[in-house]
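Asks: From first to last, the protein sequence lines stand for chains A and C. Numbers in the numbering used here are just positions in the first sequence, counted from 1, shifted up by 2. Numbers in the numbering used here are just positions in the second sequence, counted from 1, shifted up by 2. First the structure, then my questions, so here it is.
There are 2 protein chains.
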Amino acid sequence: MTKRVTIKKAWDGSNTDCLNCSLRSSVLFNGLTEKDFELIHEPVEQLTLDPGDVLYKMGESGHHLFTIRDGLVKLVQYLPDGAERIVRLVKSTDVLGLEMMVNQRYEHEAVALRHTQLCRYPMAAVTRLSQHNPVLHKDLMSRWQKALSESADWLTKLSTGPAKKRVANLLLLLIDHENPAACFMLSRQDIGSILSITTETASRTVSEFKRLQLITEIERNYFDIDVAGLQAITAA
Amino acid sequence: MTKRVTIKKAWDGSNTDCLNCSLRSSVLFNGLTEKDFELIHEPVEQLTLDPGDVLYKMGESGHHLFTIRDGLVKLVQYLPDGAERIVRLVKSTDVLGLEMMVNQRYEHEAVALRHTQLCRYPMAAVTRLSQHNPVLHKDLMSRWQKALSESADWLTKLSTGPAKKRVANLLLLLIDHENPAACFMLSRQDIGSILSITTETASRTVSEFKRLQLITEIERNYFDIDVAGLQAITAA
DNA sequence: CGATGAATTGACATGACTCAACAACTGTGG
DNA sequence: CCACAGTTGTTGAGTCATGTCAATTCATCG
């Protein structure tokens, strides 16, 4: 079911050199000075997750935030009846676990969907720095706001209207912006719990898109997608 | 359609005395010292909205945040096809317009659903103060996080499952916690665009609940609700 | 190769939408 | 106070999309 990844297993062994990080400008700490970095005694660590690995569980306490360097992670909530609902997808350059700074608890279960690399930050350092460094302060607010605003989109685009539109919107959202028109395909079950449809409906819809050549499998789990065609469906 | 409320019309004429506000402890500025207040030159004003009044529109620029003292406001987004979707309800002690601090634009249309009183804060002051006052800083993060977490609930409780469950969950959410078991009833159209169902389905479901005596009209638009009964439906 | 879990497909039932008529209510002007 | 128009809510009949249940194929992995 849900394998638990241990920090030992995950840690690559090399400390992350944030100053030279290729994601520097888009990453949480981009506003920090070298002097700020000196105040962080606990090291920033790099983790690697395989598909299915659980980064943290709902309700768990912890002391870390995460930034995704590359990959895709789902945030899952469970309904009273045990059904799972995916409430957000977190991808490259996004931050995970911000709620820790407020609640000291994770609010979701975080599970990797693909091979994923991330950086782990000590939360206390972020809290402390955010009160002195206005750039980080502002960056944190931006990230919260971004999550909130994506969450509204999630509602309007992925939880409204007929299944075809929803699936089309989801595929468009999964486009890898470095490989435009190449799209990582989720399991039918994940599609279902994102869109709140059954796996059968998800499967039928994906199959129909394949038949109509709106999507074409390039390699295992990667599809070339007809952006204009799918957009036509979302608008229909 | 959408009446525009002018500040002149709305302003009660008396400056709000935040120091003596009855909502003080739950309100945005609860962490401020009297000295902080001296730094706010632009006055905090009190507004009153009638049902249907539009506080701000999507994309509009502005310089203010709002706290709801009493009442209920919907945040609306429009889909490409023009259909409206309500993405959040904002109620007493909640803050509206936080996104201004990041974007300088409002991201939704804010429309009063009932007679509503609110306070208007100059955004620049909040931004400035949040960088020096750690309590306000933390409070802002909490509010962002609260909005985000409610937004996930909105998804799981109000946008998932059959119409009956959704309506039941919505009614439970509308309970006025000062008048437990008394619940303000929304228009069928609003129910529809919250739950993403048609007005007809909303009407049928509400009617059924009335027949089953799960809800009973006490006075115009106020219902006594059978909490246990509705909870049974949400769990079913 | 056989075993397991995922994906697909079909047949059928059902819940929600559509279209349409009508009832109830609100506010207006006579 | 009534008559009217306009809006909102209710209800019904028929259709369509999605859910349900079940069988089958496909992919992966030991």
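Note that beta-carbon positions come from the ideal geometry of N, C-alpha and C, so glycine has one too. The structure displayed is predicted, hence computed values, not measured ones.
In whole angstroms, what separates the C-alpha of A/K166 from that of A/V137?
Replies: 42 Å
Asks: Counting along the chain, where does the beta strand (DSSP E) carrying A/E152 start and finish?
Replies: No beta strand (DSSP E) contains A/E152, which is instead part of the alpha helix (DSSP H) from 136 to 155.
Asks: When the Cα atoms are used, what is the spatial distance from A/T162 to A/N105?
Replies: 31 Å
Asks: Do C/R122 and C/F68 have their C-beta atoms closer together than 8 Å?
Replies: Yes, these two residues count as a Cβ contact at 8 Å.
Asks: In the region 47 to 129 of chain C, which residue ranges form an unbroken alpha helix (DSSP H) of at least 4 residues, counting only runs that do not cross its ends?
Replies: The region 47 to 129 of chain C contains these whole alpha helix (DSSP H) runs: 102 to 105.
Asks: Of all the residues that make up the region 86 to 115 of chain C, which are near chain A by a beta-carbon distance shorter than 8 Å?
Replies: Cβ contacts with chain A: R87, V89, R90, L100, E101, M103, V104, N105, E109, H110.
Asks: Could you check whether the Cβ of A/T201 sits closer than 8 Å to any Cβ belonging to chain C?
Replies: no
Asks: Going by DSSP, what residues sit across from C/D226 in a beta bridge?
Replies: C/A184, C/T218
Asks: Cβ closer than 9 Å: which chain C residues qualify as neighbours of A/H139?
Replies: By Cβ distance, chain C contributes S132, Q133, H139.
Asks: DSSP three-state call for A/K11: helix, strand or coil?
Replies: Annotation note: pLDDT 47 at A/K11 (below 50); position unreliable, no value reported.
Asks: Mind checking who C/D177 pairs with in its DSSP beta bridge?
Replies: Reading off the sequence shown, one finds Ile at residue 177 of chain C, where the question assumed Asp. The partner list for C/I177 (beta bridge, DSSP) reads C/C185.
Asks: Measuring straight from C-alpha to C-alpha, what distance separates C/H179 and C/V92?
Replies: 14 Å
Asks: Given this structure, state the Cα-to-Cα distance separating A/L160 from C/R90, to the nearest angstrom.
Replies: 16 Å
Asks: If you count every other CB in all the chains shown that lies within 10 Å of the CB of A/R71, and 16 or more means buried, which is it?
Replies: Counting Cβ neighbours within 10 Å, A/R71 comes out buried, since at least 16 surround it.
Asks: Based on Cα-Cα distance, which residue from C/D96, C/S63, C/A149, C/S198 lies nearest to C/L74?
Replies: C/D96
Asks: Using the rule of at least 16 other Cβ atoms within 10 Å of the residue's Cβ for burial, across every protein chain shown, is C/S132 buried or exposed?
Replies: buried
Asks: Determine the direct distance from the alpha carbon of C/T236 to that of C/E109, and round the result to whole angstroms.
Replies: 31 Å
Asks: When you compare only the Cα positions, how much space is there between C/H134 and C/S144?
Replies: 17 Å
Asks: Give the C-beta separation of A/I193 and A/V229 to the nearest angstrom, bearing in mind that I take them to be a contact with Cβ-Cβ under 8 Å.
Replies: A/I193 to A/V229, Cβ: 18 Å. No contact.
Asks: Here's the rule: buried if 16 or more other CB atoms are within 10 angstroms of the residue's CB, otherwise exposed. What is C/F225?
Replies: buried
Asks: Taking beta-carbon pairs under 7 Å, can you tell me which members of the region 48 to 81 of chain A lie near chain C?
Replies: Q79, L81
Asks: Can you tell me which of the three DSSP states C/T158 falls into?
Replies: helix
Asks: Anything in chain A within Cβ reach of C/P164, meaning under 8 Å, just list it in chain order.
Replies: Chain A residues near C/P164: none, gap ~11 Å exceeds 8 Å.
Asks: Apply the 10 Å Cβ neighbour rule to C/Q215 and answer buried if 16 or more other Cβ atoms are within range, or exposed otherwise.
Replies: exposed
Asks: By how many angstroms is the C-alpha of C/E152 removed from the C-alpha of A/I199?
Replies: Straight-line Cα distance between these residues: approximately 22 Å.
Asks: Please confirm whether A/L174 has its beta-carbon closer than 8 Å to some beta-carbon of chain C.
Replies: no
Asks: What does C/S198 reach in chain A if we use C-beta pairs closer than 7 Å?
Replies: S161, T162
Asks: Report back the beta-carbon spacing between A/H117 and A/P53 to the nearest angstrom; my notes put them in contact at under 8 Å.
Replies: 7 Å
Asks: How should A/A183 be labelled, buried or exposed, when 16 other C-beta atoms within 10 angstroms of its C-beta is the threshold for buried?
Replies: Burial is judged here by how many other beta carbons sit within 10 angstroms of a residue's own beta carbon; A/A183 has fewer than 16 and is exposed.
Asks: Establish whether the CB of C/A237 and some CB of chain A are separated by less than 8 Å.
Replies: yes
Asks: Can you tell me the Cα-Cα spacing of A/A234 and C/L157, whole angstroms?
Replies: 26 Å
Asks: Would A/L232 count as contacting chain C if we go by Cβ distances under 8 Å?
Replies: Closer than 8 Å: no.
Asks: With 16 as the cutoff for other CB atoms within 10 Å, does C/R213 come out buried or exposed?
Replies: exposed
Asks: Using the rule of at least 16 other Cβ atoms within 10 Å of the residue's Cβ for burial, across every protein chain shown, is A/D55 buried or exposed?
Replies: With 16 or more other CB atoms across the displayed protein chains lying within 10 angstroms of its CB, A/D55 is buried.
Asks: Count the other CB atoms within 10 Å of the CB of A/S63; is the residue buried (16 or more) or exposed (fewer)?
Replies: exposed
Asks: Using the three-state DSSP reduction, which class does C/T201 fall into: helix, strand or coil?
Replies: helix
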